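As C-alpha cells, the structure follows; a few thoughts come after it.
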Amino acid sequence: MIRRVLALGAFVFVTSCGGSGDGPAPASLTVFAAASLQPAFEKIGKDLQSKDSLHVTYNYAGTQTLTSQLTQGAQGDVFASADTAHMTTVVEAGLIEGTPKVFAHNRLEIAVAKGNPKGIHSLADLARSGLVVVLADPSVPAGKYAQQALAKAGVSVRPASLELQVTAVLTKVSLGEADAGIVYVSDVRTSGKVDGVAIPDPYNVVADYPIAILKHAQDSNAAFAFEALVLSPTGQSILVAEGFEGA
Amino acid sequence: MALAAAGLLLFLLPLAGLIARAPWNQVGTELVATETATALGLSLFCSLTATAVALVLGIPLALVLSRTTGTLRGVLRALTTLPMVLPPVVGGVALLLAFGRSGLIGSPLHQLFGLQIPFTTTAAVIAETFVAMPFLVIAVEGGLRSLDSRYEESARALGANSWKVFARVTLPLLRPAIFSGAVLCWARALGEFGATITFAGNLPGRTQTIPLAVYVALETRPDGAIVLSLILLAVSLAILIGLRDRWLGAP
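Take a look at the structure:
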C-alpha cells in the first residue's frame, strides 16, 4: 500500500514537472517572457501553433522575477527580457545559448483613466498633491525606467504603491484605484481601458527587449523557431501592432 | 511511519535549505537595517490587528454557524470558507472591487467622505483579515459543536441570563478552540502575500509587510531575503512559544 502511494506520488511529481516527454504530444515550448510582452507573444504563439503545430506555454512575470527563477534552476526554452541588465545576469550565470538579440523597443507613457479626468499632461503633473500615482518597483525594469524618466524631468513623485510588475500598475489605473501610473506605450495600446499621456523624448527612456535561447532548452529546434519568428517580419509587425517599436 | 516521516521531511527540507544558505555574517546588518525593522513592525501590527478584528467578528460568526442547520448552514459555511479556497490574488481583486475607490462600498465612501482604502495600512489589515479569519471561525465553530451543552443548561437553570452564560461558561470552555484558531489566523495573516499586494499595494512603511519585502528582496538581494525570512520565522516561533505558556498555562 505504502509503496503504491509512493509510486503514485512519484508519478504525479514526474508528470507535473516533465511536461514534454509523455507520449506523442505535439512539440511544446516554454517561454519566459516579461509581463509587458503578453499581448504580443500570445499572438506570436498562435501563429506558431497554426503553422508548425508547436504548442507554446508562457511564464509571464516581471523580468526580475523571471531572472531569479532562471538563476535558481527553473526549466525553460526561451527568455525574453524587458531590459538588457537582467539578460546579462542570466548570460553571466551561464544559462544562455549563443548571444541575446534585441528584438523590440518600448517607450514609457503615463496611463490615466479614460478621458483623463484629472487633467494630467506631463510628468510634472504627477507631483501634484492629492493625486494617487502608482509606479513599478525599481527592481522591475519598468520601475527603473520610470525612475530615470522622472529624474530626467526633475520631478519627485510620492507613489502610493510600488508594484511588482508593470501590468499591475496598469491594472490599478484601469480599475480606477490610481489616478496615474507610468507604464509602457505598448501597455496603454493593448489595454483599451486607459488613456495614454505621451512623455516627450528628452525625458523618455527607450527600453530594449533582448531574446535568447536557454542552454538547457528541452527542444532547441522549437526554441530557435520561436526566436526566428519573433525576429521575422511577421513577428515584428505583430509587435509593432501591439505598440512596440521594431528592432 | 514512513509516510509520516516523508510528510515531516517535506516541511523540514525547505527550512534546512533556508538555514544552509543563510548568510549568517549578514544577519546582524540585516537585523539593524531600518527597512527590516519597518517591515517587521508593520507585519506584526497588521497581523495582530487582523487577528483582533477576526476575534471580534469571527467568534459571533462561529456562534451563528454552530446554531444554524440545514441549507442555511451549508451556505453560511461555504461563504465563510470561501477565502480559504480563493486564490489570494483573486481575493485581493475582489476586495478592490468592493472597497476600492470605484468599488461597491468604496465608491460611496470615497464620494461622501473622500475615503480611499486601497494603498493604506487599513487595506493591508483588511486583506489579512479576509484571508485569515476563516481559520479562526472554523476552529471556534468546531469547539462550539463539541461543547458539552449541559454546563450551559445548568448555568441557565441556576438563573444566569444568556449573556452571562456566554461570558462565564461558554467562552471559558471555548478557550482552547479560540486560542488555536487565533494562532492559526495570526500565522496565516503574518504570511499573507497575494491579497495584500493586490489590494493594498507595496509601499515600505505603509503596506510592505515582510512577505512583500522578501519578494522584492529576492530579486535584488537574495541573501537579504533569506535573512528576512529567517527573522520572520524566529519572531513567529518566539511569539507562539511565549503565548502558549501564557494562554494555556500548564497543559
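Read top to bottom, the protein sequences are chains D and L.
Everything in the first sequence is counted per our numbering, starting at 73 for the first residue and increasing by one.
Everything in the second sequence is counted per our numbering, starting at -16 for the first residue and increasing by one.
Positions of the beta carbon are idealized from the N, C-alpha and C atoms, including for glycine.
The structure presented is a predicted model; accordingly, all values stated were derived computationally and were not measured.
Using a C-beta to C-beta distance shorter than 8 Å, which residues of chain L count as neighbours of residue i?
i: D/G248; result: G83, R84 and S85
i: D/T139; result: E202
Report buried or exposed for residue i, applying the criterion of at least 16 other Cβ atoms within 10 angstroms of its Cβ.
i: L/R128; result: exposed
i: L/G41; result: buried
i: L/Q191; result: buried
i: L/M116; result: buried
i: L/L87; result: exposed
i: L/I2; result: exposed
i: L/V114; result: buried
i: D/A221; result: buried
i: L/A140; result: exposed
i: L/N185; result: buried
Could you tell me the distance, in whole angstroms, from the CA atom of residue i to the CA atom of residue j?
i: L/W146; j: L/P159; result: 20 Å
i: L/A122; j: L/G188; result: 32 Å
i: D/E235; j: D/Y217; result: 14 Å
i: L/T112; j: L/S30; result: 8 Å
i: L/T17; j: L/L23; result: 10 Å
i: L/V47; j: L/V36; result: 17 Å
i: D/A250; j: L/R133; result: 56 Å
i: D/S140; j: L/L201; result: 8 Å
i: D/N131; j: D/P111; result: 13 Å
i: D/A152; j: D/M159; result: 8 Å
i: L/A61; j: L/F118; result: 13 Å
i: D/G93; j: D/A289; result: Unreliable positioning characterises D/G93 in this predicted model, as indicated by a pLDDT of 40, which lies under 50. A coordinate reading is not provided.
i: L/A178; j: L/L167; result: 17 Å
i: L/L195; j: L/I209; result: 13 Å
i: D/D149; j: D/G307; result: 18 Å
i: L/G135; j: L/S212; result: Note that residue 135 of chain L is Glu in the sequence shown, not Gly. Roughly 45 Å separates the two Cα atoms.
Can you list, in chain order, the residues of its chain with a C-beta nearer than 6 Å to that of residue i? Leave out the 5 residues immediately preceding and following it.
i: L/T12; result: none
i: D/K265; result: S246
i: D/E169; result: I285 and K287
i: D/K224; result: Y275
i: D/V227; result: L195, A196 and A199
i: L/A217; result: none
Pull up the DSSP beta-bridge partners for residue i, would you.
i: D/K43; result: Nothing about residue 43 of chain D can be reported from this structure: the residues present for chain D run from 73 to 319 only.
i: D/I254; result: D/I182
i: D/S233; result: D/V206
i: D/T102; result: D/T129
i: D/V266; result: D/A185
i: L/I121; result: In the DSSP output, where bridge partners are listed per residue, L/I121 has none listed.
i: D/F151; result: D/F104 and D/A284
i: D/G318; result: D/A176
Suppose the cutoff is 7 Å on Cβ atoms and the five residues either side in sequence are ignored; what does the same chain contact list for residue i look like?
i: L/V68; result: none
i: D/G95; result: Interpretation of D/G95 is limited by its pLDDT of 41, a score under 50 that renders its predicted location unreliable; the figure taken from the coordinates is listed afterwards. Counting only Cβ-Cβ distances below 7 Å, and skipping sequence neighbours, we find nothing.
Closer than 7 Å by beta-carbon distance: list the chain L residues that pair up with residue i, in chain order.
i: D/Q136; result: E202
Strictly below 9 Å CB to CB, what residues from chain D border residue i?
i: L/G(-10); result: Here the premise fails: no neighbours, minimum Cβ distance about 11 Å.
i: L/L186; result: P231, A232, S233 and L234
By the criterion of Cβ-Cβ separation under 7 Å, what are the contact partners of residue i in chain D?
i: L/L79; result: L247 and E249
Residues of chain L with CB under 9 Å from residue i, in chain order?
i: D/V205; result: Those do not exist, as D/V205 stays about 10 Å from chain L at its closest Cβ, beyond 9 Å.
Residues in the same chain with beta-carbon distance under 8 Å from residue i, minus the five sequence neighbours each way, listed in chain order, please.
i: D/K173; result: P282, I283, A284, E299, L303 and A319
i: D/N178; result: S108, A154, Y256, V257, S258, V278, A279, Y281, G315, F316 and E317
i: D/G343; result: Since the first residue of chain D shown is 73 and the last is 319, residue 343 of chain D is not available in this structure.
i: L/A138; result: K147, V148, R151 and V152
Chain D partners of residue i, CB-CB under 8 Å?
i: L/T190; result: S233
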